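Inspection log for the structure reproduced underneath, given as structure tokens.
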Amino acid sequence: MGVLRLNNGMATKPQYGEDRLVNKRTGKLASSSTWLLDLAACAVVGGDIKGIPALLPQSEAQKLLVHNELKKFNRHKSVKADSGQESSHADLRVLACKALPTIAVFYIENVVGNRLPSQVNKKGFRGWLLGQLAIPSSALNTFLKNHPEFSALAELKRADNWWLDRQQQRVNP
61 MGVLRLNNGM
71 ATKPQYGEDR
81 LVNKRTGKLA
91 SSSTWLLDLA
101 ACAVVGGDIK
111 GIPALLPQSE
121 AQKLLVHNEL
131 KKFNRHKSVK
141 ADSGQESSHA
151 DLRVLACKAL
161 PTIAVFYIEN
171 VVGNRLPSQV
181 NKKGFRGWLL
191 GQLAIPSSAL
201 NTFLKNHPEF
211 SALAELKRAD
221 NWWLDRQQQR
231 VNP
């Protein structure tokens, strides 16, 4: 749709598709704001009552304009992770499954030491893992941060059951 502008050097009219209904008192996006009502409000403010704008719900928009106004409303920019740190939940699950053998070797070499194999179990390993990930300066977090492929797992906050599921996936893929 075209840009609407007033002649005679006056302020510009709201632009279709760019302006949103914003609460006058709080300055936040109106709870009843939808793309259709935003377009209708633009038509009401601009005085467009003929043609296609006449098909918009202008009476509803008129009611909303009592407590709201049209303003350019920018969405919050999403926070981008650093390069190599993008991790969805699914990516973290796959990465954890890949990292478990490496973390297990780290556990055996640095923690278990001279214990008998019968004294080492999966539950103890998960307990140690959760404890180490909760401490930012732990040896495991330092180890994970130094390995770029596993750095997304450093300081990862997940429950014991989440890690149990990852261990079971390793056994029964």
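The opening position of the sequence shown corresponds to residue 61 in this note's numbering, with each subsequent residue numbered one higher.
We put the CB at the ideal spot given by N, CA and C, even for glycine.
Quantities reported herein were computed from a predicted structural model and do not represent experimental measurements.
At the level of alpha carbons, what is the spacing between residue i and residue j?
i: Gln229; j: Thr162; result: 15 angstroms
i: Arg218; j: Gly173; result: 26 angstroms
i: Asn221; j: Trp188; result: 14 angstroms
i: Val105; j: Phe133; result: 17 angstroms
i: Ile112; j: Arg85; result: 31 angstroms
i: Ala156; j: Leu116; result: 51 angstroms
i: Val154; j: Glu209; result: 12 angstroms
i: Leu124; j: Asp79; result: 14 angstroms
i: Ile195; j: Ser93; result: 44 angstroms
i: Asp98; j: Gln192; result: 51 angstroms
i: Ser119; j: Val126; result: 12 angstroms
i: Glu215; j: Leu200; result: 9 angstroms
i: Asn206; j: Gly87; result: 45 angstroms
i: Tyr167; j: Arg226; result: 16 angstroms
i: Ala100; j: Thr202; result: 56 angstroms
i: Leu81; j: Phe185; result: 54 angstroms
For residue i, count the other beta carbons within 10 Å of its own beta carbon; 16 or more makes it buried, fewer makes it exposed. Which is it?
i: Ser143; result: Residue placement at Ser143 cannot be trusted, given a pLDDT of 37 that sits under 50; the coordinates are not used to answer.
i: Arg108; result: The amino acid at residue 108 is misidentified as Arg; the sequence shows Asp. Its Cβ being crowded by 16 or more others within 10 Å, Asp108 is buried.
i: Trp223; result: buried
i: Asn128; result: buried
i: Leu213; result: buried
i: Ala150; result: exposed
i: Leu204; result: buried
The alpha helix (DSSP H) that contains residue i, what's its start and end?
i: Val105; result: 95-106
i: Lys123; result: 118-124
What first and last residue would you give for the beta strand (DSSP E) that runs through residue i?
i: Lys88; result: No beta strand (DSSP E) contains Lys88, which DSSP labels as neither H nor E.
i: Leu130; result: 128-132
Handout entry: Segments of 4+ residues assigned as alpha helix (DSSP H) that fall wholly inside the region 154-212
Key = 182-194, 199-206
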